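Enquirer: Structure provided below as structure tokens; questions to follow.
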Amino acid sequence: MDEERLDLLEKRLAALEAAVADGAHPLEADEFWALRELKRRAQDRSQVLFTGSLTLPTGAHYEWQETVEVPAVLEADPTQAVAALSALAHPVRLHLLHEVLHGRRTVPELSEGLGTSGQLYHHLRQLVAEGWLATSGRGVYDVPAARVVPLVTLLATARPR
4 MDEERLDLLE KRLAALEAAV ADGAHPLEAD EFWALRELKR RAQDRSQVLF TGSLTLPTGA
64 HYEWQETVEV PAVLEADPTQ AVAALSALAH PVRLHLLHEV LHGRRTVPEL SEGLGTSGQL
124 YHHLRQLVAE GWLATSGRGV YDVPAARVVP LVTLLATARP R
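The sequence shown begins at 4 in my numbering and counts up by one.
So, in structure tokens, the structure goes:
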């Protein structure tokens with residue numbers, strides 16, 4: 004039993020030493036694993052990594068990753084993002100996205116508790132136009148797979164801290 008404990012302790016110590024050799028603080032060995040890997044792969048380039056693996060309340064599972072070169076983002080015209088962000092900047096549209104992520108996808112399901120059908124379609128059109136929603140059939144809406152993790156990331160970063 005003592006040999007097993009000693010072997011386990013030696014393995015844990017070796018893992019900590021390896022993390023420190025990679026530039027990690029011993030207490031942060033697991034906390035910044037993605038950042039360390041991004042830095043290793045980026046080779047002194049300025050990058051941001053967006054990634055996620057999630058299962059929605061509907062049971063649908065999504066995995067997504069994108070690495071973005073920061074200079075390209077900072078050099079681009081920031082007003083190009085206005086339409087996509089504006090589509091999210093309305094309580095009704097955020098509510099609709101929330102409902103779709105929870106599995107309510109048809110117009111009748113989405114219209115519960117909202118105003119007129121004209122108002123509903125106005126908001127749905129804006130979300131579809133900016134790629135936050137897509138129609139998968141007549142009157143059935145989904146968040147496109149490539150937008151699920153980015154949407155959850157945006158919502159997570161915008162929440163109060």
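Backbone N, C-alpha and C fix where the C-beta goes; we use that ideal spot for every residue, glycine too.
It should be emphasised that the depicted structure is a prediction, and the values quoted were computed from it without experimental measurement.
(1) With DSSP as the reference, label Trp67 as helix, strand or coil.
(2) Under a three-way DSSP split, which group does Thr119 fall into?
(3) Near Pro153, which residues of its chain fall below 7 Å by C-beta distance, leaving aside the five closest residues on each side in sequence?
(4) On the three-state DSSP scale, how would you describe Asp10?
(5) Please go through the stretch 68-145 and give each complete beta strand (DSSP E) segment of 3 or more residues, from N-terminal end onward.
(6) Does the Cβ-Cβ distance between Asp145 and Leu158 come in under 8 Å?
(7) What is the DSSP secondary structure of Leu177, counted as helix, strand or coil?
(8) Enumerate in chain order the residues of its own chain whose CB-to-CB distance from Leu130 is below 6 Å, with the five nearest sequence positions on each side excluded.
(9) Using a threshold of 8 Å, state whether the C-beta atoms of Val73 and Val51 are closer than that.
(10) Whole angstroms are fine: how far does the CA of Ala21 sit from the CA of Val151?
Expert: Let me spell this out:
(1) Strand at Trp67.
(2) Note: Thr119 maps to coil in three-state DSSP.
(3) Cβ neighbours of Pro153 beyond the five flanking positions: Phe53.
(4) Note: Asp10 maps to helix in three-state DSSP.
(5) You should have 137-140 and 143-145.
(6) With respect to Leu158, Asp145 sits apart: the two C-beta atoms are not nearer than 8 Å.
(7) With the chain covering 4 to 164 only, the question about residue 177 has no answer from this structure.
(8) If we look at Leu130 and ignore the five residues flanking it on each side, its Cβ neighbours are Ala90, Arg96 and Leu136.
(9) With contacts defined by Cβ atoms closer than 8 Å, Val73 and Val51 form a contacting pair.
(10) Taking the Cα positions, Val151 is about 35 Å away from Ala21.
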